[in-house]
Amino acid sequence: MISLNGYLIISFCLFLAGMTVMIARKNIIAILLGVELILNAAALNFAAYTRFVNQNLDGHVMSLFIIVIAAAEAAVGLAIVIRFFQIKETIHIDDATELQS
Amino acid sequence: MSSHNLDVYMPVLILMAFAAIMVLGALLVGKLIRPHNPTELKVTPYECGEEPIGSAWSNFNVRFYVVALIFIIFDVEGALMFPVATVFKRFVEIGQGGAILGSFLLFISVLVLGVVYCWKKGDLDWVKSYQVSTDYNEKKDK
Amino acid sequence: MFLKIMFVLSALLTLGGAFLTASSKNLMHACVYLLACLFGVAGLYATLGADFLAAAQLVVYAGGVVILMLFAIMLTGGVQEFVNKFGLDKTPSMGSGKTYTIAGLSMIVTAFIVMKILAPVFKTPAQTDLPAFTSTVEKLGVLLVTDHVLAFEISSILLLGALVGAAVISRPRRGK
Amino acid sequence: MNSTVVSYLSQAPGYALAVNKLTELFGFDATGFVNFLLFFLVAFIVVNVMSAIGGLGTYAERKISADLQMRQGPNRVGPYGLLQFLADGVKMIGKEDVLPAQADRFLFLVAPLMCMVGVFASLAVLPFSNGFTLTNLNIGVFYLLGVSSLVGVGIFLGGYASNSKWSMLGGMRGASQIISYEVPVTLSILAIVLMTGSLSFDVITEAQGGLPHEWFVLHNPFTFIGFFVLFIGALAETNRAPFDLPEAESELVSGYHTEFTGMRFAFFALAEYVEVFVVCGVCAALFLGGYKVPFDLGTGELIMKTFPAVHPMLAKQIGNILQLKVFVLKTLLLYYVVIWIRWTLPRMRVDSLMVLCWKYLTPIALFNLVGCAVWLWAFEGKSVWTLIFKSGVAAAGGHH
């Protein structure tokens, strides 16, 4: 049960859930939740390969940087969402059409 | 660096379970003995006798977000600095402390740069919105 | 034995949290479920022997990112369905049956493709005799100041950029 | 490195006997099961004692405030009113559970749960004595920071769930205050981690000595300031006066728990009082020598030397009890200081609160961190006293 495949399946499910959130939701903050799920799936994969395939800790360092980047991404993304809300008074993704025309 | 098994995490799970059992158990036990007769007035949110107007879930001032933003940057920097801080003493003992100190200080100084920027721009001032409103009044007076 | 129990609990928390995050109709609840899911991932890190990563996950996500998300939800009007001044927001923003159908179908397709690509990966020769769990904090620290020192320094610049950028974007403007 | 209370108890002869008996009984290795039972038992004791301490905290709060204001305080229930908290608890269970009409039912339950889980999980790493630490994780301090940040989420959700304006304001303020003050707390803890080279509470405590000049608070000027930064930050993180903005009675009625009644309110209060104990314990362990007893009494070596007749195991037990007492004494002294401050200082304004955190404590903590790093590099971690009295190395062994 506790094998590489177990962790890979969990991380795959996390990735699928994140993608589903990103596709199905129309709320920008909810989409950012999906991004967090996807980044976590990636970080989990790194840690799992470190444990089961090669034992050097480079994978852990990579996971740590993924966590760092996820935090930075959330900060900037949410700032953009807040600014968007201040201008448009909505956080519906379909209203973000300024650049479309 | 001794090895260990995962039993060290056992108390963590046990304590979390205890906390959950305490909360849920006390609420369930209380359900048997406590009275339950809600009236319309009783379940209105308390606003010192006034009738509440609208929902409380409205939007808030953005300065809360800026504080949380600076916090999360510090939080992440802490997560990166903790492992380095752990090995710093060992490097000092083998006489290579200078290089580690340099990289550590570089890291902190970049962090300080961000804080100084926010300080100069007034993001750390809680009452910034008041200044905006006084400016507005001055403009109106002219 | 305890390893298995902890793995199962963490995996259930992770998968349940992820599923509820994807299906919850209330944004606030989705955020709380995301927190549960991230806690589960921290538990999985612990079962992988990555003790520092588990704690970092708790500190950064439970303390930071989730609070930031909750704040952002409050700053954008809570969970109420907003109708803006242009009257644009008429569709439910948390997803409708149509969007979920599209997402589900595309996920099935993606899953097939990814599985096809990943099939050789599942045959990776994983080591059968696993080493005992040791403390990873010191090793991570040594790696961060030797092999990965450039990434360590650049990440501070990345965070500086994120801080300044986000502060500039979200700063309340005067006048308009 | 990862000593737990079970690895301590497993030295007792009964442990191996129980494991063998149960292994025969079950037919598989029962070590894990016995460990689980022991952990369960000890955790049960710790949880109960902590709940009692939390309850007695409310009693102490009233009694000390009464003392400071020349009043009597609770004196009806039990001797000196000591059982007041039990009476309160019984009353709380019997109170009606009012759920506001527009409240979020799910989050209304989750919020107190999250506070309790966060606080109780942080009890796991509190170093009561050398043997009696529930678990001595090698990520101890960092784990504590992560778990206790759940309390902030709990407070925010508590304010959000009740859908009352007072609660919402209190929850918003509480969350932003807690996360703000986590920055100086993290930075001053980081300075201590720098000095010891470990995140484990055990190693950090063992790096200090029993006598005050061997404590980290008097190790060098930077750690001296760092202690006060940590203490002020801890006060603010637990929402204690003068930083009790989230529940400021005069402006916000009762803050984030305005709408909470009965047991739900009781759990918020219990979580707060236990958290005060936890942060006092952390301050004591990091800066005030933790469980170290003067003159190595804690390890039982002095007892063994003076009274050779005493069995070494017994001497160790006596030492452990002494360590436990010293740790609890230091923590309760800090607890008294916390209550004393609450009833002495007036409440701060919300803007000066944020200014204090971001413009004073955080720069000071950063300066301290850099100072500690430079001190460690320049003097190789020797304390001020070692540098002053170079000959008195034996007396000032605080750095190794």
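Residue numbers (our numbering), protein chains in the order written: chain F, 12 to 112; chain A, 87 to 228; chain Y, -4 to 171; chain G, 19 to 418.
The beta-carbon is built from N, C-alpha and C at its ideal position, and this holds for glycine as well.
- By the Cβ test, the region 195 to 206 of chain G is not in contact with the region 279 to 296 of chain G, since fewer than three Cβ pairs between them sit closer than 8 Å.
- Within 8 Å of the CB of VAL55(Y), the CB atoms of chain A belong to ILE158, ASP161, VAL162, ALA165, in sequence order along the chain.
- By the criterion of at least three beta-carbon pairs nearer than 8 Å, the region 229 to 247 of chain G is not in contact with the region 95 to 105 of chain F.
- The three-state secondary structure of ASN38(F), taken from DSSP, is strand.
- Neighbourhood of LEU110(F) in chain Y, by CB distance below 9 Å: empty, with the nearest CB roughly 16 Å away.
- Against GLY184(A), the close residues of chain G are TRP395, in the order they occur along the chain (beta-carbon pairs closer than 9 Å).
- Less than 7 Å divides the Cβ of CYS133(G) from the Cβ of ALA289(G).
- Listed in chain order, the positions of the region 132 to 157 of chain Y with a beta carbon within less than 7 Å of a beta carbon of chain F are LYS134, LEU135, LEU138, LEU139, HIS143, ALA146, SER150, LEU153, LEU154, ALA157.
- Bounds of the alpha helix (DSSP H) holding GLU133(Y) are 132 to 140.
- Using a CB distance cut-off of 7 Å, ASN53(G) counts as an interface residue toward chain A.
- The alpha-carbon of ALA70(G) is positioned some 15 Å away from that of PHE286(G).
- A direct Cα-to-Cα measurement between ARG367(G) and ASP211(A) gives close to 13 Å.
- Taking the beta carbon of VAL60(Y) as reference, the chain A residues within 8 Å of it are ILE158, listed in sequence order.
- In the displayed model, HIS143(Y) falls within coil according to three-state DSSP, outside both helix and strand.
- As summarised for the region 109 to 182 of chain G, the continuous alpha helix (DSSP H) elements at least 4 residues long and confined to that stretch are 123 to 140, 158 to 179, given in chain order.
- For GLU255(G), the uninterrupted alpha helix (DSSP H) run begins and ends at 239 to 255, by DSSP.
- Counting C-beta atoms within 10 angstroms of its own C-beta, LEU379(G) has 16 or more neighbours from the protein chains shown and is therefore classed as buried.
- Measuring C-alpha to C-alpha distances from VAL173(A) to each of GLY160(Y), ALA98(Y), THR96(Y), LYS134(Y) identifies LYS134(Y) as the nearest.
- Inclusion of VAL87(F) and GLY160(Y) in the CB contact set at 7 Å is warranted, their separation being smaller than that value.
- Between PRO330(G) and MET322(G), the C-beta spacing is below 7 Å.
- For the C-beta of ALA67(Y), not a single chain G residue is nearer than 7 Å; the gap to the nearest is close to 12 Å.
- Between the alpha carbons of ALA34(G) and LEU92(A) lies a gap of roughly 20 Å.
- DSSP, reduced to helix, strand and coil, places PHE128(Y) within a strand of the structure shown.
- Under the three-pair Cβ rule at 8 Å, the region 152 to 165 of chain G does not count as touching the region 26 to 36 of chain Y.
- Ranked by how close their Cα comes to the Cα of THR404(G), the residues GLY337(G), VAL388(G), GLU232(G) have GLU232(G) in first place.
- Close to LEU125(G), with beta-carbon spacing below 8 Å, are these residues of chain Y in chain order: MET23, HIS24, VAL27.
- Sequence-distant Cβ neighbours of VAL196(A) in its own chain, meaning closer than 7 Å and more than five residues away, do not exist here.
- Any Cβ of chain Y closer than 7 Å to the Cβ of LEU208(G) would place that residue at the interface, and such an atom is absent.
- If you check the CB distance, VAL98(A) and ALA333(G) do not come in under 7 Å.
- For a Cβ distance threshold of 9 Å, residue set ALA61, VAL64, VAL65, VAL135, PHE138, ALA139, SER140, LEU141, ALA142, LEU152 of chain G lies close to LEU101(A), ordered along the chain.
- At the C-beta level, VAL92(F) and VAL162(A) stay beyond 7 Å of one another.
- Within chain G, the residues MET281 have their CB atoms less than 7 Å from the CB of LEU113(A), given in chain order.
- Going by DSSP, CYS390(G) is part of the alpha helix (DSSP H) stretching over 380 to 397.
- For HIS103(F), the beta-bridge partners assigned by DSSP are ASN38(F).
- Unbroken alpha helix (DSSP H) stretches of 4 residues or longer found wholly inside the region 279 to 310 of chain G: 280 to 305, given in chain order.
- Taken through DSSP and simplified to helix, strand or coil, ASN91(A) comes out as coil.
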